[in-house]
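K.L.:
Numbering (our numbering), first residue to last: 11 to 277. Where is the CB? At the ideal position from N, CA and C, for every residue including glycine. Treat the numbers as computed from the prediction; the structure is a model and nothing was measured. Before we start, here is the structure in question, set down as structure tokens.
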């Protein structure tokens, strides 16, 4: 999706003694929240919150993105009021690199990352020189390497945790080849590699169930809860209502019933 310039404007009219304004505090229509999201599961979870927000007089406009860069840039440029596609470590790292002032509004869910393959039946019987694809962004890449180390593909330097890079692999008896790719293309890469470590939103987008189809899944105590991001100091009541709706009992029930453990509530 190409990012387009969004020029805010105001239209005021007087009708039946009521002043109608089409310009919100941060550039969005009054009563409308523009939220960027990955298609699955983020956009689906937002849709589950729509009726709750409608009762509060808020219309939710969901703009879908298929990459991990444009939603944050569009939010920083005030083309969006919020976005919902990333975990907090990714958000913090992105803002540090790009010098953006975005913050987490609330945590919503956890997507366990998994190891997938079209060629292998497990994570133990791979041949020497097996190719394993991981995300090429620092936070998801380090997370993927830790999962592979936990699964026994190789060992990482002590203490690197989820901050490792391929250079931190110290014990690799089967000479596993780590291939870094953009996270969004990893499902398509399964035809060309032996394994791929895929974020659950992209796995679900191609009908891969993290619980049923992954050969290995990260521990459920993962700190990578997906969050709603907003601009710092944007404290509009509409955004607080968005946070409340996304962490409501209704949305929790939706997540639990829809994804059957493949996506877990973080509240």
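1) Among the candidates 226, 140, 255, whose CA atom is the shortest distance from the CA of residue 65?
2) State the Cα-Cα distance for the pair residue 266 and residue 273, rounded to the nearest angstrom.
3) With the cut-off set at 8 Å, would you say residue 242 and residue 114 are in Cβ contact?
4) Quick one, which of 271, 269, 252 has its alpha-carbon nearest residue 93's?
5) Rounding to the nearest angstrom, what Cα-Cα distance links residue 167 and residue 174 in this structure?
6) How is residue 276 classed by DSSP in three states: helix, strand or coil?
7) Sorted by chain position, which residues of the same chain lie with C-beta nearer than 7 Å to residue 144's C-beta, five sequence neighbours on each side aside?
8) Quick one: residues in its chain with C-beta nearer than 6 Å to the C-beta of residue 184, no 5 flanking neighbours on either side, listed in chain order?
9) For residue 204 versus residue 130, is the C-beta distance shorter than 8 Å?
10) Identify the residues that DSSP records as bridge partners of residue 208: which are they?
11) Let me know if residue 31 comes out buried or exposed under the rule of 16 or more other beta-carbons within 10 Å of its beta-carbon.
12) Which same chain residues end up closer than 8 Å to residue 52 when comparing Cβ atoms and leaving out the 5 residues on each side of it in sequence?
13) Give me the Cα-Cα distance between residue 164 and residue 226, rounded to the nearest whole angstrom.
14) Let's test the definition: count the other Cβ atoms within 10 Å of the Cβ of residue 180 and tell me whether it reaches 16, buried, or not, exposed.
15) Any idea if residue 80 is buried or exposed, counting beta-carbon neighbours within 10 angstroms, 16 or more meaning buried?
16) Three or more C-beta pairs under 8 Å: does that hold for the stretch 45–62 against the stretch 100–108?
17) Please identify the residue among 148, 249, 120 whose C-alpha is closest to the C-alpha of residue 271.
18) Beta carbon of residue 46, beta carbon of residue 84: below 8 Å?
P.N.:
Taking the definition as stated:
1) Residue 255 is the option with its Cα nearest to residue 65.
2) Near 7 Å, if we compare the C-alpha coordinates of residue 273 and residue 266.
3) No, these two residues do not count as a Cβ contact at 8 Å.
4) Distance from the Cα of residue 93 is smallest, within the candidate group 271, 269, 252, for 252.
5) C-alpha separation (whole angstroms): 8 Å.
6) Reduced to three states, the DSSP call for residue 276 is coil.
7) Excluding sequence neighbours, residue 144 sits near 151, 154, 155, 188, 190, 207.
8) Apart from sequence neighbours up to five positions away, the residues of its chain that approach residue 184 with a beta-carbon distance below 6 Å are 138, ordered along the chain.
9) It is a contact, given that the beta carbons lie within the stated cut-off.
10) According to DSSP, residue 208 bridges with 124.
11) Note that residue 31 scores 31 on pLDDT, short of 50, meaning its location in the model is unreliable and no value can be drawn from it.
12) Taken in chain order, the residues that qualify are 94, 95, 211, 236.
13) If I take the Cα positions, the gap works out to 14 Å.
14) With fewer than 16 other Cβ atoms within 10 Å, it is exposed.
15) Buried: at least 16 other Cβ atoms inside 10 Å.
16) Taking 8 Å as the limit for Cβ pairs, the verdict is that the stretch 100–108 does not touch the stretch 45–62.
17) Check the Cα spacing between residue 271 and each of 148, 249, 120: the tightest is with 120.
18) Result yes, Cβ atoms of residue 46 and residue 84 sit closer than 8 Å.
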